[in-house]
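Read the structure below first, then the notes.
In my numbering, the protein residues as written are 28 to 881.
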């Protein structure tokens with residue numbers, strides 16, 4: 028296992044599936060969703076029952092605060108006979124029936140002491156302690172943290188709390204106001220629990236005082252018989268968050284009146300915005316406010332200190348109390364037992380924000396930490412189960428077709444002989460007889476990882492359009508291959524890192540891949556979804572099946588064996604593989620990694636900063652001042668999209684830029700340029716394009732868009748700078764809806780100082796600062812690429828290197844250039860493949876066990 032000297036338990040158990048920690052609603056939802064997906068699991072619970080918070084740490088009168096349809100778990104609705112707001116016992120009965128329905132059997136009384144990921148083995152080690160202090164360590168590939176936001180009670184530190192002398196309890200131990208009849212009770216906290224405890228105490232003829240230290244949003248649970256929560260969910264589908272907040276506050280004022288008259292000051296930020304940014308839940312009033320208005324519940328300020336039987340408040344008043352109930356909330360306990368991961372913050376909540384807080388690295392998942400209640404936990408559970416089921420299927424599929432070979436191979440005497448039969452390799456062990464000659468082993472200490480795969484054909488790195496084009500072209504030439512992709516889908520740049528309104532900038536005829544044109548029904552400029560659908564159908568048409576979630580750590584050519592060694596890691600399980608093959612095709616392209624420029628003060632800006640790869644739509648920026656850094660095609664189009672969503676964009680134009688019309692008199696400018704270059708020199712084509720641009724767009728320099736001295740095509744050829752094809756942004760610049768600003772000098776908190784000295788207030792920043800190649804980070808020992816990750820050779824000779832190295836998609840000529848590269852590579856490899864297959868046998872010296880697949 029590695030690190031054996033620190034292997035702590037007396038007992039160790041292998042878990043054939045994910046390890047779930049916590050059998051509350053979140054853990055049950057994950058377990059049920061995994062069950063439905065056919066994925067085995069084990070689930071731990073520190074208590075002796077499911078949902079121990081609900082069963083043991085809630086007051087008797089508790090009901091669900093939201094309508095039942097927002098609180099049901101995946102796969103099983105509440106019974107129709109249940110009321111709109113089920114009570115505590117009904118909800119517990121529902122959870123018990125849920126566990127029974129999905130045959131969920133937690134391991135009770137198992138308290139997790141620690142959980143940590145071991146890099147050596149690529150496994151999670153979870154140590155638990157039972158009732159008899161017996162220790163067990165569970166080993167597995169995946170860990171699901173489902174302990175939730177409310178694992179441990181919070182008791183604030185007050186001066187003199189221990190000297191108070193009378194009854195002090197946390198709200199988790201409060202059951203009913205029956206035992207407090209006639210008593211003066213101080214309730215510390217004004218959230219939903221604090222309000223409801225005060226209401227319960229008042230109903231039992233106690234005298235509650237409620238500490239309101241901070242501002243709080245109080246909303247009616249229903250407005251004219253309609254759930255306020257359900258209403259807000261509906262409105263958020265159509266309106267921005269700030270406007271829904273305004274509507275909610277207006278309805279609250281209409282139904283509840285001005286609550287500030289009663290000591291309940293509202294926050295400056297709206298209730299939904301506060302919930303999204305800080306996780307602070309608004310109070311849904313079920314009657315406490317009437318008691319406050321009538322004086323039956325007294326609102327008091329913050330506590331300064333406790334005295335024996337009394338409490339001194341921040342306003343100087345001192346009051347006598349018989350008991351104190353701490354409705355001061357709960358916190359996550361994850362930091363106490365989860366070790367060695369930066370996925371969770373020190374407060375025990377995921378660092379990533381919703382909706383990306385459910386999945387970490389190395390097989391780590393989190394459920395129930397979205398601060399969106401049971402609906403959020405259910406949503407997380409479904410995502411986790413879907414992701415794990417895909418990984419699980421891949422694992423079981425691999426187990427079914429991978430043949431493991433174990434041999435007692437003695438050093439210096441073993442030779443594996445690969446007998447080539449079509450595309451299938453068989454292995455024979457040949458040990459020379461009566462020999463004492465030492466056989467030199469090349470780089471034996473790391474020649475193969477624990478799992479090694481011989482690839483009977485080229486290894487393609489990258490399953491974007493370039494990689495797909497090579498794979499399809501190889502398929503037509505009957506050359507087998509393997510294609511590795513770090514993401515979980517083809518063309519991940521297009522599927523996950525592009526904005527919604529994106530369309531191809533060039534006519535579809537220049538963007539189709541070899542062997543399959545776009546459908547005739549597609550428009551001249553297909554949209555993002557249409558292009559993705561085309562790529563999916565392309566992969567299906569040519570039966571291309573990439574090995575997903577395979578991140579290439581390194582690739583280098585082994586001079587001794589004459590083979591490429593490509594080391595990968597499976598992100599979901601951290602399993603390492605080494606692929607051995609004769610040829611390597613680099614198809615990761617020019618846009619593998621985002622570029623974040625180093626600008627003074629960027630980290631101190633404070634507000635939202637997004638790279639364009641994470642930008643989807645201007646919907647979230649309505650009414651905001653947005654600074655877009657970059658004036659290329661992405662920058663221009665993002666500005667246009669922001670305008671269309673009533674935002675106020677400013678675009679940073681630091682350098683000169685060529686802007687051309689996408690079409691002239693209904694004809695593509697790009698197509699025109701391609702036609703002209705067949706007959707006249709490049710410089711003259713540039714002159715013609717600039718004249719046409721001036722004719723259609725006018726003089727752009729007076730709007731802050733200075734043209735470079737070199738022509739657009741010359742600049743593209745020599746520096747790779749793509750001209751902007753205008754699709755409407757220039758009209759917005761002319762009308763001042765998009766403001767052009769100079770370069771940035773530095774960022775300030777909430778502001779930006781430009782190089783001209785002006786300082787502007789900005790709500791958000793979008794970095795349309797482009798991408799770069801990631802080849803230098805993993806391709807080793809080759810001088811074919813420069814430090815920027817591009818071939819040193821110029822087009823059209825940049826597609827082939829030495830020692831079986833090929834590149835596709837690095838010509839700076841878009842999809843047409845990648846397709847041309849793919850065809851050349853497939854033709855060249857087709858010829859090499861025929862020569863290779865003429866040889867009957869090949870010898871490869873190996874040391875460890877090898878798994879033959881390809």
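For every residue, glycine included, the Cβ atom is placed at its ideal position computed from N, Cα and C.
Here residue 74 is not near residue 404, since their CB atoms are 9 Å or more apart. The stretch 823 to 869 is shown to contain whole alpha helix (DSSP H) runs of 4 or more residues at 841 to 864, in chain order. Excluding its 5 nearest sequence neighbours in each direction, residue 599 has C-beta neighbours in its own chain below 7 Å: 390, 418, 576, listed in chain order. Collapsing the DSSP output to three states places residue 479 in a strand. Assignment of alpha helix (DSSP H) within the stretch 752 to 826, counting only whole runs of 4 or more residues, yields 756 to 761 in chain order. Taking the Cβ atoms as the reference, residue 697 lies roughly 5 Å from residue 533, within the contact range of under 8 Å. Comparing alpha-carbon positions, the option among 578, 602, 610, 194 lying closest to residue 592 turns out to be 610. Bridge partners of residue 688 according to DSSP: 753.
Note on geometry: alpha-carbon atoms of residue 236 and residue 177 lie some 25 Å from one another.
Assignment of residue 663 by DSSP, reduced to helix, strand and coil, places it in the helix class. Our two residues, residue 495 and residue 170, have alpha carbons roughly 34 Å apart in a direct line. In this structure, residue 397 sits away from residue 181, with a CB-CB distance that is not shorter than 9 Å.
Sequence-distant partners of residue 93 (beyond 5 residues in either direction) whose C-beta falls short of 6 Å from its own C-beta, in its chain, are 256.
Looking at the backbone, the Cα of residue 344 and that of residue 244 are separated by about 25 Å.
Distance between residue 506 and residue 482, taken at the CA atoms: about 12 Å.
Looking at the backbone, the Cα of residue 309 and that of residue 523 are separated by about 33 Å. Sequence-distant partners of residue 574 (beyond 5 residues in either direction) whose C-beta falls short of 6 Å from its own C-beta, in its chain, are 511. Pairing residue 508 with residue 597 gives a Cβ-Cβ distance that is not under 9 Å.
C-alpha of residue 299 to C-alpha of residue 811: approximately 54 Å in a straight line.
With a minimum length of 3 residues, the unbroken runs of beta strand (DSSP E) contained wholly in the stretch 170 to 221 fall at 170 to 172, 194 to 197, 211 to 215.
Inter-residue distance for residue 730 and residue 669 is about 19 Å (C-alpha atoms, whole angstroms). The C-beta of residue 660 has 16 or more other C-beta atoms within 10 Å across all chains shown, which makes the residue buried. Linking residue 520 to residue 557 through their CA atoms gives a straight-line distance of about 15 Å. Sorting 105, 364, 639, 645 by C-alpha distance to the C-alpha of residue 673 places 645 at the top.
Within the stretch 612 to 672, the complete alpha helix (DSSP H) segments at least 4 residues long are 660 to 671, listed from N- to C-terminus. Judged by DSSP in its simplified three-state form, residue 399 adopts coil rather than helix or strand.
Counting only residues of its own chain and dropping the five nearest sequence neighbours on each side, residue 531 has a CB closer than 7 Å to the CB of 538, 552, 553, 558.
In this structure, 111 is the residue among 412, 111, 166 with its C-alpha nearest to the C-alpha of residue 96.
Nearest to residue 167 by C-alpha distance, out of 635, 838, 42, 816, is 42.
For residue 334, the closest C-alpha among the options 376, 630, 190 is that of 190. Looking at the DSSP output, residue 269 bridges to nothing. With a cutoff of 9 Å on beta-carbon distance, residue 701 and residue 750 are scored as not near each other. The distance from the Cβ of residue 173 to that of residue 47 is about 6 Å, consistent with a contact at the 8 Å cut-off. Secondary structure at residue 86: coil, using DSSP grouped into helix, strand and coil.
Segment contact: the stretch 277 to 293 against the stretch 314 to 331, three or more CB-CB distances shorter than 8 Å; contact assigned.
A distance below 8 Å between beta-carbons, with the five flanking residues on each side excluded, links residue 123 to the following residues of its chain, in chain order: 77.
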